[in-house]
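Taking it in order: structure first as structure tokens, then the write-up.
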Amino acid sequence: MSNQAVDVEILGKMTRVNCPAGQESSLLVAAEDLNRRLKEMAERTKVTNEVQLLTFAALNVCYELNNQSQQRSGEEQAVIERLEKLTASLEQALVNISPTER
80 MSNQAVDVEI LGKMTRVNCP AGQESSLLVA AEDLNRRLKE MAERTKVTNE
130 VQLLTFAALN VCYELNNQSQ QRSGEEQAVI ERLEKLTASL EQALVNISPT
180 ER
């Protein structure tokens, strides 16, 4: 699969970015999200240094991803535990069935 060059605007500056063909719209949505976050952060914090803004935004995104990953891991563990309980219940039910009922 070939890469496609896409122009994105971040903090008023155009940047050309390569992405896999067919993923251009996802890249544009991500760029719009990043640009919105940076503008909101600049307004909220009054930070004007682009490197600081980008650093803070990167840390915020990593923090959000880490939280989502931990939450997903907890949910996966809960599903595994429920499946184990269900399996144990089914196995016990099969043990309790008399040979004539099988």
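Heads up, the sequence shown is in my numbering, so the first residue is 80 and it goes up one at a time.
Here a beta-carbon is modelled for each residue, glycine too, at the ideal position from N, C-alpha and C.
Per-residue DSSP class, three states only, for residue i
i      : result
Thr94  : strand
Asn82  : strand
Val108 : helix
Closest residue to residue i among the options (Cα-Cα distance)
i      : options                           : result
Leu133 : Leu165, Leu113, Glu143 and Arg123 : Leu113
Pro99  : Ile89, Ala84, Ala109 and Gly91    : Ala84
Asn139 : Glu129, Leu117, Thr127 and Ser168 : Leu117
Chain-order list of residues whose beta-carbon lies under 6 Å from that of residue i (same chain, five-residue window excluded)
i     : result
Asp86 : Met93 and Arg95
Element boundaries [alpha helix (DSSP H), containing residue i]
i      : result
Gln131 : Glu129 to Asn175
Same chain only: Cβ atoms within 7 Å of residue i, ignoring 5 sequence neighbours per side
i      : result
Ala136 : Leu113, Arg116, Leu117 and Met120
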